[in-house]
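In what follows, a structure is listed as structure tokens, so that the remarks can point back to it.
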Amino acid sequence: MKFLIISLFLNLSTFAFQVETIWTEKAEKKLSLTCESDEQCVRFCKDQEACTVTEDVCKNCVGTSLAMTFAFKEMGRTLVASDKLDDYAFFDLLKGNSFVSITSRSIYNLVERFDSSSLKQKFRSLCADDTRYPVVFFGKTAGGELGRVQAVWCESGFYEMIQLDYLPTEDQLD
Amino acid sequence: MKYLASFIFILLCSSIWGSFEAPRFELQKLDFSNRAKCALESQKPAKSAFLLVSNVDAAKAVYRLAKFRGDDVEETTKLGIERFRFSIVSLINLIHNRLVSRQLPLLPSDITSGEGHIPGRYKNVMSQCKQGEYCEALDEYLQDIWTIASQKWSPGTKYLEFFKVDNYHSEDNYLSDKDYLKDANKELTCAYLKKFSPLQANLFGTKPDKGALEMIADAVASKDSKFAHCEDFDSQENLQVAAYELNLPDLKEKKLFRKETWVNKGFDYWHSLRLYLSFAFRFAPEMEKMAFPFGPLFKGITLEESVMLVPNGCRSLSPAKCDGDRLALNSIREFAKEDFKKEALELDILSEAPNGPDDDLVNDMIPSVNVDELDLAAHRSASDWLESFSGNLSQSRALIKKRLIKAVNLFNFVTTSIPVESLLKRLDQQFKGKLLSGKNSTLSLQEKNDLYYLCSEFSFAQHEKWSFIRKNLEILSKSKVVEGLTSSISNVSTEESFKYFMTLGDAVNSACYSLKQHDIWDEDFDLDKEGFIPWYTAKIYENKVKSKYDERLEEYLKSNKPLLAFPQYSASKNIDDVICANASDCARKTIEATLSLYSATQYASTFWSLEQKVKSPDLFNPYAERTACKVYDPWFKTRSTLFSFLWDMGQTAASAFVPGMIYTSAELQPRMVTSFNELVKDGKIEYDVRYKKEKILTAITADFGPLTGVPCAVSLNRNPNNPYSVMRFTGISVGACNSETDHDLNVYSASDIGPNNQTGHSECLSCRLNFESMSGVVAHATQNVGPVFFLVRGLYNLYKSLKDPYNIPRSWEVHPYDAYETKALYGEIPKSCVKQLRKGKSCLSSCAEKVSEKLRAIIGGHVEEFNLSTYGKGSVKHSSCSEPIITETYESSSDTSSSCRLKKMIIPGKCKGMLK
């Protein structure tokens, strides 16, 4: 019983696959999945241990649009992680092919210094498990630009992300 | 091995890029215009334009790509910048070549004019597209057209296929041979601009004299230091920006006995180029090759913020239109001025409480033109100028974005966390029940000041009659511009935000008016002006008082917890993590946030591209919008039109002692721009009669004081039916009226206000100023005067400007090669040649002219040296040929004229490749 509880905990606390951004020689953006025996992942990768998913560069993402500025400035402050999602949600998102992924090493980041420690800090604050490079997923607008924040991949799981719009007032905090 | 791999890579790239090229370059004639002619010209389409490219975003992205992949950062970034520039000029060249060979149709720039044939589907698509919103139908439409254009079909087949997409059947929809001069080369020419020089003399002066012509000639001699080939990236030293000159030579302006051609098709040409460029940059398969190996990355660049097309001179790239967006777009020229950074605080465009883009039109009606208004000459190189312009623009855009994000965050949190009723309750608590509950408590000096700020700021911003934004908000809440900009980051609609602000403001104002003012702000009360929020000190005190609002908040937070803050605040103690410190801060910040949304809407076209096309402001011609808006009439002087003018009191000032005492022009509607003739005849001032006249007197004296020395006829009118009738004067009228029934005000002069009348009649002050007699007073007035003075000075300048002869349209044209060859032949520009050259004609001897004409037709370029014989063999040295060209000419002359026969011309074998 004790063993069962420990293994269940391990299952919850670590994701069985890794996600990483890749930029090819032809400047194409891809997400690399390393499955580490995760069944869903292997199935997604068509029985391979690893695979890549092409992610089209989104419109106006290489710039300092209001949405991009907001994303990098407000990461971890207004844009925060919320409930843990089922792993299926992650693969459904990839299959939908209408997402934008960003990390603290994102090439899209023309707002703050590339891979700066303050930006790393903001992204790392999204994961409680010290994930080195959390991958944040946004949707796309009808015009193909950066849309609303959706989720974050941490090593311990896939979490929903929300844009805060409520804060308790000082007296409510007390 | 590594070198071999690099070599193979470069070879591979070369073969891919080889199929596209940047356009070639040839100097074109310079069109000079005086003010009135420049105004007229703005209604015609340009044939020459500057392409301004900022590759900061592209370079940053490639730099990050290189870092990410572990590539050689310097090499990769340099290559990326070259590829970015190459893709843009090559794509423009490709679009041009397709437009002039019927491989792309012209897209009509105006679907409402009723002139020319407008294909049905196109009209439908364009009428559906809304400004500030993504228009999918347009991308689909352009995709259908571009797919055909990219096929390896003959132009004839493509023409038939375009007809299947939309009914492109008319001559209006294509540029053809008929639109060009006979045997003309239909190329678009392109040059990289190293320096602005006399070869852009049309931007620096009006009527060229002998000295100017000599300078133009000298500039031709050293043109290699001014221009480089568009593909010569070694010459393009600046890694942030690049300026190119694009020319469309040999287009027919008019057809004999037929309707005009370029005048009709020119705007459609530029409109098409801008639309196709925006589309093709992201979706064209050709772009992948041009940008290789960065194609997919470049597709993500906001092209419309990196590239701008600007007419070279007085003509325009889009049809004249008088609307807020065009005005805002043209406000962009502020960023090009050398003193931008120094003046930035004063500029309406960066003001936290702007008057709007029409402000410049009202305050500066007769600006200079063609006298290097954009300070091109103040910079060492064209790139330095562009770097400064582009840097100022992007920094300002960043500032507006920062304000917008702050505003959106404030409304996102305040509307959900503290509803209006709750905020009002908290305000009442903060001011010890004085504001709403009518308690008789005592306020500390700080609390008195805080209450004063709250009442003043809300009164000024949200007064039901005099608010400078209230009426606009009703219109703006329906505008989708800010909504479009902020939709991906905002949880609250603009309409909801404005509603919150209005409800709160009405309640605060009503509470403030009910206060027993003298009990709170008694004789001992000393207002600390530095505690006002920055927009208020900027607007009311014209930045003469520096706001210390943020410092005061930081001080407050040292001993108090913030009312609303991010959880991060407890650790960071950073004021940026605070939404609002207390109730009055929350309330006052809603005004600030509303103003941010308001100013972003007003100037949206300046900072963002609201349509799916590259921007094209009339950078060098401030008369484009003045003519379109009929503020300036190019024929004014010629027709001796009488005019009158409404001067905009705007929101000139408020008293230092009375919260929110406002007077304003009653007639001027927000964003109203109209012609002199249509403008209201005079200015009017209204007072908020709820305030005591003594306080008003103080404010009036402060603002009108400087005018006391101005000859001024004061009269009083007591006509209740038409209180403003007295002010029908020629010249300027300064007026003050009140027609309220129960709180009338007698104003006898600027410094003499009589007791209030309680009867139902109207009182007016009018002060007639005479332009001629006020000149001396205005010239000697000090700088330390109220805003009214500047308005009057503006009018005096208007009058003075209109007296000058430049208001009769005049133009001149000079071909730089003509100037150069004249100097080459005579050693200088002879005085006798000045007139001839200014008419765009050469001034050579008959044989020199014959040889020059022939060479320009077959090779282009210009003659550098003439060694001609009047009878027999001679030679000339040509700019495109290293060896002398042998000529045989025979001149025959009479007393009045001479003619020349060019019998033979031998082009050296080495130079035959240069033949057209």
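Residue numbers (this note's numbering), protein chains in the order written: chain A, 33 to 206; chain B, 176 to 1091.
Ideal Cβ positions, reconstructed from N, Cα and C, are used throughout, including at glycine.
Everything numeric in this text was worked out from a predicted model, so none of it was measured.
Exercise. Could you tell me whether the stretch 446-458 of chain B touches the stretch 262-280 of chain B, where touching means 3 or more Cβ pairs closer than 8 angstroms?
Key: As far as the Cβ criterion goes, the stretch 446-458 of chain B touches the stretch 262-280 of chain B, which means the pair count is three or higher.
Quiz prompt | Cβ contact (3+ pairs, closer than 8 angstroms) linking the stretch 52-60 of chain A and the stretch 106-116 of chain A | solution = The stretch 52-60 of chain A vs the stretch 106-116 of chain A: no contact.
Quiz prompt | Interface partners of alanine 99(A) on chain B, CB under 8 angstroms | solution = Near alanine 99(A) (Cβ distances below 8 angstroms), the residues of chain B are Ser663 and Ile664.
Quiz item: tryptophan 321(B) to glutamate 315(B), Cα distance in whole Å?
Solution: Computed Cα separation, rounded: 10 angstroms.
Practice problem: Closer than 7 angstroms by beta-carbon distance: list the chain B residues that pair up with valine 94(A), in chain order. | Solution: Within 7 angstroms Cβ-Cβ: Asp232, Ala236, Leu472, Gly475 and Ile476.
Practice problem: Can you have a look at glutamate 346(B) and say buried or exposed, based on whether 16 or more other CB atoms are within 10 angstroms of its CB? | Solution: In this structure glutamate 346(B) is exposed. Its beta-carbon is surrounded by fewer than 16 other beta-carbon atoms within 10 angstroms.
Exercise. Evaluate arginine 1076(B) with the Cβ neighbour count: other Cβ atoms within 10 Å of its Cβ, from every protein chain shown; 16 or more gives buried, anything less gives exposed.
Key: Taking all protein chains in view, the Cβ of arginine 1076(B) is surrounded by fewer than 16 other Cβ atoms within 10 Å, so the residue is classified as exposed.
Quiz item: glycine 1084(B) by DSSP, collapsed to three states: which one?
Solution: Helix at glycine 1084(B).
Quiz prompt | Neighbourhood of threonine 669(B) by C-beta, 7 angstroms cutoff - its chain only, sequence neighbours within 5 removed | solution = Within the same chain, threonine 669(B) has close Cβ partners Ser652, Val657, Glu658 and Leu772.
Practice problem: Report back the beta-carbon spacing between tyrosine 444(B) and cysteine 405(B) to the nearest angstrom; my notes put them in contact at under 8 angstroms. | Solution: Actually they do not touch by this definition, with Cβ atoms about 19 angstroms apart.
Quiz item: Using CA coordinates, which residue listed in Tyr731(B), Ser481(B) and Ala740(B) is at the minimum distance from glutamate 622(B)?
Solution: For the residues Tyr731(B), Ser481(B) and Ala740(B), the minimum Cα distance to glutamate 622(B) belongs to Tyr731(B).
Quiz item: What residues in its chain sit with their C-beta under 8 angstroms from that of glutamate 729(B), if we drop five residues either side in the sequence?
Solution: Excluding the 5 residues flanking it on each side, glutamate 729(B) has same chain C-beta neighbours closer than 8 angstroms at Ile750, in chain order.
Practice problem: Assign cysteine 630(B) to one of three DSSP states: helix, strand, or coil. | Solution: In the structure shown, cysteine 630(B) falls within a helical segment according to DSSP collapsed to helix, strand and coil.
Quiz item: Within this structure, are the beta carbons of glutamate 1066(B) and serine 1073(B) separated by less than 8 angstroms?
Solution: Yes; because the gap between Cβ atoms is below 8 angstroms, this pair is in contact.
Quiz item: Using the rule of at least 16 other Cβ atoms within 10 Å of the residue's Cβ for burial, across every protein chain shown, is asparagine 530(B) buried or exposed?
Solution: So asparagine 530(B) counts as buried.
Quiz item: Is the number of C-beta pairs between the stretch 508-524 of chain B and the stretch 685-700 of chain B that are closer than 8 angstroms three or more?
Solution: Contact between the stretch 508-524 of chain B and the stretch 685-700 of chain B is not established, with fewer than three Cβ pairs separated by less than 8 angstroms.
Quiz prompt | Contact with chain A by asparagine 587(B), beta-carbon distance below 8 angstroms | solution = So yes, asparagine 587(B) belongs to the interface.
Practice problem: Using a cut-off of 9 angstroms between C-beta atoms, extract the partners of leucine 151(A) located in chain B. | Solution: Those within 9 angstroms of leucine 151(A) in chain B number zero; the least Cβ separation is about 12 angstroms.
Quiz item: Taking only beta-carbon atoms, is valine 167(A) less than 8 angstroms away from chain B?
Solution: With a threshold of 8 angstroms between beta carbons, valine 167(A) makes no contact with chain B.
Quiz item: Roughly how many angstroms separate the alpha carbons of arginine 555(B) and phenylalanine 371(B), rounded to a whole number?
Solution: In this structure, the straight-line span from the alpha carbon of arginine 555(B) to that of phenylalanine 371(B) is close to 9 angstroms.
Quiz item: Considering only C-alpha positions, which residue in the set Phe102(A), Ser130(A), Tyr165(A) and Val94(A) is nearest to glutamine 195(A)?
Solution: Taking only the C-alpha atoms, the option nearest glutamine 195(A) is Phe102(A).
Quiz item: Looking at isoleucine 524(B) and serine 543(B), is the spacing between their C-beta atoms short of 8 angstroms?
Solution: Taking 8 angstroms as the Cβ cut-off, serine 543(B) and isoleucine 524(B) do not qualify as a contacting pair.
Self-check item: Stretch-stretch touch, CB-based, cutoff 8 angstroms, three pairs: the stretch 126-140 of chain A with the stretch 161-177 of chain A
Solution: Segment contact: the stretch 126-140 of chain A against the stretch 161-177 of chain A, three or more CB-CB distances shorter than 8 angstroms; contact assigned.
Quiz prompt | Cutoff 8 angstroms; reference isoleucine 323(B); Cβ partners in own chain excluding five residues on either side | solution = Excluding residues within five positions, the ones whose Cβ falls inside 8 angstroms are Lys333, Glu336, Phe337 and Val340.
Quiz item: How do the stretch 1015-1023 of chain B and the stretch 391-407 of chain B stand: do at least 3 beta-carbon pairs fall below 8 angstroms, yes or no?
Solution: Taking 8 angstroms as the limit for Cβ pairs, the verdict is that the stretch 391-407 of chain B does not touch the stretch 1015-1023 of chain B.
Quiz item: For the stretch 744-762 of chain B, which residues have a beta carbon sitting closer than 8 angstroms to at least one beta carbon of chain A?
Solution: Answer set for the stretch 744-762 of chain B: Asp752 and Ile754.
Exercise. Please classify tyrosine 744(B): does DSSP put it in a helix, a strand, or coil?
Key: Three-state result, tyrosine 744(B): helix.
Self-check item: Pick from Glu527(B), Ser563(B), Ala495(B) and Ala557(B) that is closest to phenylalanine 515(B), judged by C-alpha positions
Solution: Relative to the Cα of phenylalanine 515(B), the nearest Cα in the group Glu527(B), Ser563(B), Ala495(B) and Ala557(B) belongs to Ser563(B).
Practice problem: For threonine 769(B), return the contacting residues in chain A, with the cut-off set at a CB-CB distance below 7 angstroms. | Solution: From the beta-carbon of threonine 769(B), no residue of chain A is found nearer than 7 angstroms; the closest lies around 17 angstroms away.
Practice problem: For the beta strand (DSSP E) holding proline 1059(B), just list the boundary residues, first then last. | Solution: Note, proline 1059(B): beta strand (DSSP E), 1056-1068.
Quiz item: Under the DSSP definition of a beta bridge, which residues are partnered with glutamate 420(B)?
Solution: DSSP lists Phe225(B) and Ala366(B) as partners of glutamate 420(B).
Quiz item: How far does the alpha helix (DSSP H) with threonine 590(B) in it reach, from first residue to last?
Solution: In this chain, the alpha helix (DSSP H) harbouring threonine 590(B) covers 557-592.
Quiz item: Can you give the Cα-Cα distance for asparagine 567(B) and tyrosine 419(B), rounded to whole angstroms?
Solution: In a straight line, the C-alpha of asparagine 567(B) is about 20 angstroms away from that of tyrosine 419(B).
Quiz item: Under 8 angstroms, do alanine 48(A) and serine 64(A) count as touching if we go by C-beta distance?
Solution: Their beta carbons are not under 8 angstroms apart, which means alanine 48(A) does not touch serine 64(A) by this criterion.
Quiz item: Looking at the C-beta of leucine 202(B), does it have a partner C-beta in chain A at a distance below 8 angstroms?
Solution: Output row for leucine 202(B): interface = no.
Quiz item: What three-state label does DSSP hand serine 1110(B) in the structure shown?
Solution: Absent from the structure is residue 1110(B), since the part of chain B shown begins at 176 and ends at 1091.
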